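Listed below in C-alpha cells is the structure:
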C-alpha cells in the first residue's frame, strides 16, 4: 500500500526540469505561437489571446494542456473541426442566465469569452450563468478560473468530453472525465482547483507509461474489473478510474446532463458518436461578492480558512497546501527563469510555423 | 486488491433486512415521529413536515440519516442547539439570489424551506440561488434534491460540516466532508446524487466496525499516512479519505469557502471551534428549464443519456445504474412492505415519546 506522504510529492511543484525539457522565455513562447496562429488566419487580437492561453498553461506548469496540445489544435483546424474565425453568439438571454452557441470556434477563445460574459453578468446581477454549446476543447480549464478570480468573482465552470471513463460496474468507457474548475478570489493568491473527474488524466498516464512506472495510486480498471495502477493497461482499455469510485461516476453523469440540457448541446453520448471530439457543451457560473453585500468581507473569511488549513499538522515529508498555491510558485519561477517546454514538442512547433506563409 | 464487481454490491439495493431490522408501515413511522415532535413544541404543520423528512430517509433506504439520527436530533433540541420554532429569514435579496439566516432552527425544515425558495426563484427568473447561514444539520440531503426535481427543477445544494477529513498531506481533521446533492428531473424517475466528499460516511464505517469487517475500498489513513480500510482506526483518527484523494480535499475546501463567504456564515474552521456542530452554512441553486426555453426538451436529452449509460457492457456480477435508480426501487418496496428500521433504535424512539407530556 502506497504511503501518502511519499506519493504526495508526485503532484507537487518541483523546480527541476524533466530530462527532455528546456526553458523558453514566456514572451518568446507567446510570440512564437501567435505568429503561427496568424498564419492560420486568426485575427491579430484573437491570435494574441489564443497564444497567451496556451502559453499560460505552460507558465503555470500545465504543459499537458498547453504547448503539448498545440500541434493537435492546429491539426483540428486543418481538418475542419475548429473554425478559427467563428465567434460565440448569444442564443437566448434570461436576465442573469444566457445560452450561447460556440459555432465550433477555438475552444479556448470561446471559453475565455464566455467566462468573461459570466463575469459581466455577475457584476450586473450579483450572479451570472452562461451555458455554451457547439464549442471545442477548452485546453487548460484552470485559465478560466484564474480569469474569474482576477475579476474578483467566485467562478465555477465545467465541460463535458467524449466518453473516456466507465460507469460504475461498466466495462467500457461511457462517461466523460468532465473537468471542473472552481475559483475563489483572494488578494494574496486566488484559490483555484482545476480537476478532471478521473483520478489521473490520460496525459499523466502516458507520462508514467513512457517512464515504465506504475501510477502511485489506483488509476483504473483491468479487463476483469480490478483496480490497477498500470498505465499501459488502463490506456489500452480506456478504463480510467472516476474520483471516489461510484461517486465520481455519478457526478460525471449529472454534470453532463446539466451542461447538455441547459445549453441544448451535445452530451457525452452524442460526442462519442463523432469521429473526433468536438461540438461539446460547457457551463460558466460566477458570483460577484461585492454586488451581493457579503459580510464579513470575502477576503477575511478566505484568509481565515486558509490559515486554519495551513496550520494543520502534517505527515512526515508532506506539505499541506491550498489549490492554486503551487501554481503561483511555478508561475513566479517560470516567469523569471523561462517556461519549461518539452524539447521535441518545441522543435516540432517551430517547424509547424516555418512551413506556412503568413 | 478488491474486485469492483464484488464490492459494487455493497452500495446497492438489497431487499433483505439486516439482522436487527424490522419493517414499520411508512405512515406509522411518520405519525410516531410527528407525535414526539408535537411534544417537543413543534407547530403541527412543522411537526408533520419534520417527521416526513426523517421518515422519507428510511423509506428511501438511508436509515443512517433518518430514524437513526432522530434521538440525537431531540438531544440537540433539549440541549438548546436547535430552536424548534425558529424559522429562516431573508437577510438580503438580489433578484435571483437571496441570502437567508436559519436562526438555528431545525436543519431539515430550514433546508426544505430554502430549497423551496430556490425553486420559486428559478420559476420566476429561470435560475435561483439561495445561501443560508446559522442553520443545522440537514439530515438526509437527498431529500432536497428530490424536492427540487419533483418541481421540475435541476437542483444543486451543498452544506459545510465540522472538520472530519484531513487536508491532503495533513494528519488531523481540518476539512468537512461537505455533502453535495445534484438532481435532474425526469418523468420516469429523477436522477439524484447525494454524496459526502469522504469516500465513506462515518455511519457506514461504524456499521462495518460493528460487524468486524474491513471496508471494501480504501477509506482513510492510519497514523503514519498510509491508506487503510480498517474502520476502527479511521474512526479513532478521524482521518476519513476524501474522494479522489487530493481532488476531494481541494473540492471540500472550496465548497466551504463558497458557502461561508456568500452566506456570511460559519466555515468549517469556525464550526470546529464549537462544542458541537451547529450554525453551519449551505447553498441551494436551481435551474428551471421550461423558463429557460431549453431545446430539445430536457426529458428527451436525459432519457437519451440514461439509455446510453444503461446499454454499457458490464463486468460480471455488476449492474450499471444511474444515481436515484435504486432509491426508487427501495421506495416502492418499502412503501408496500414497510420501512426497515433498526429494532433497538425504534424501541428507543418509542420510549422517548412515551416519557413526555404533549
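Protein chains in written order, with the numbering used here: chain A, -1 to 356; chain B, -1 to 356. Every residue, glycine too, gets a C-beta built ideally from N, C-alpha and C. The structure presented is a predicted model; accordingly, all values stated were derived computationally and were not measured.
The C-beta distance from residue 238/B to residue 210/B rounds to 19 angstroms, too long to fall under 8 angstroms, and the pair is not in contact. The beta strand (DSSP E) runs lying completely inside the stretch 121 to 201 of chain A and spanning 3 residues or more are 125 to 133, 152 to 157, 171 to 173, 178 to 182 and 189 to 193, given in chain order.
The beta carbon of residue 245/A falls within 8 angstroms of a beta carbon belonging to chain B, placing the residue at that interface. Excluding five sequence positions before and after residue 32/B, the CB atoms of its chain that fall closer than 7 angstroms to its own CB belong to 45, 46 and 49, given in chain order. Exclusion of the five residues before and after residue 325/B leaves 58 as the residues of its chain whose Cβ lies within less than 6 angstroms of its Cβ. Residues 11, 57, 58 and 59 of the same chain have their beta carbon placed closer than 8 angstroms to that of residue 328/A, with the five preceding and five following residues left out of the count.
For the beta strand (DSSP E) assignment, the uninterrupted runs of no fewer than 3 residues enclosed by the stretch 187 to 273 of chain B are, from N- to C-terminal side, 189 to 193. C-alpha of residue 172/A to C-alpha of residue 161/A: approximately 5 angstroms in a straight line.
Buried is the label assigned to residue 111/B, since at least 16 other Cβ atoms lie within 10 Å of its Cβ. Per DSSP, reduced to three states, the secondary structure at residue 323/B is helical. The DSSP-derived three-state label of residue 111/A is helix. DSSP lists 133/A as the bridge partner or partners of residue 278/A. Residue 41/B and residue 79/B have their C-alpha atoms roughly 18 angstroms apart.
In the three-state scheme derived from DSSP, where H, G and I count as helix and E and B as strand, residue 81/B is classed as coil. Under the three-state reduction of DSSP output, residue 338/A falls in the strand class. Setting aside the 5 residues that flank it on each side, residue 116/A is surrounded in the same chain by 126, 128, 282 and 284, each with a C-beta closer than 6 angstroms to its C-beta; the list follows chain order.
Within the stretch 305 to 338 of chain B, those residues whose Cβ lies closer than 7 angstroms to any Cβ of chain A are, in chain order, 306, 307, 310, 311, 312, 313, 316, 317, 318, 320 and 321. Residue 312/A is positioned such that its CB atom lies closer than 8 angstroms to that of residue 168/B. Interface annotation for the stretch 86 to 102 of chain A against chain B: 90, 92, 93, 94, 95 and 97, criterion Cβ-Cβ distance under 8 angstroms. Contact between the stretch 100 to 111 of chain A and the stretch 234 to 250 of chain A is absent, with fewer than three C-beta pairs closer than 8 angstroms.
Residue 292/B belongs to the set of residues whose beta carbon lies under 8 angstroms from a beta carbon in chain A.
A residue is called buried once 16 or more other Cβ atoms fall within 10 Å of its Cβ, and residue 62/B is buried on that count. Excluding the 5 residues flanking it on each side, residue 90/A has same chain C-beta neighbours closer than 8 angstroms at 96 and 97, in chain order. Here residue 52/A carries a helix assignment [DSSP, helix/strand/coil].
In the DSSP assignment, the residues bridged to residue 98/A are 88/A and 130/A. A distance below 8 angstroms between beta-carbons, with the five flanking residues on each side excluded, links residue 333/B to the following residues of its chain, in chain order: 24 and 57. In the three-state scheme derived from DSSP, where H, G and I count as helix and E and B as strand, residue 285/B is classed as strand.
DSSP places residue 72/A in the helix class (H, G or I) of the three-state scheme. Straight-line spacing of the CA atoms in residue 159/B and residue 176/B works out to 6 angstroms. Scanning its chain for C-beta atoms nearer than 8 angstroms, with the 5 sequence neighbours on each side dropped, one finds around residue 72/A the residues 34, 38 and 350, in chain order.
For residue 215/B, the chain A residues whose Cβ falls inside 7 angstroms of its Cβ are 243, in order along the chain. Among the residues facing chain B, residue 169/A is included, as its CB has a counterpart in that chain under 8 angstroms away. Between residue 316/B and residue 223/A a beta carbon distance of about 7 angstroms is seen, short of the 8 angstroms cut, so the two are scored as contacting. In the three-state reduction of the DSSP assignment, residue 312/A falls in the strand class, which pools E and B.
For residue 146/A, no Cβ of chain B is located within less than 8 angstroms of the residue's own Cβ.
By the neighbour-count criterion, in which 16 or more other beta carbons inside 10 Å mark a residue as buried, residue 272/A falls on the exposed side.
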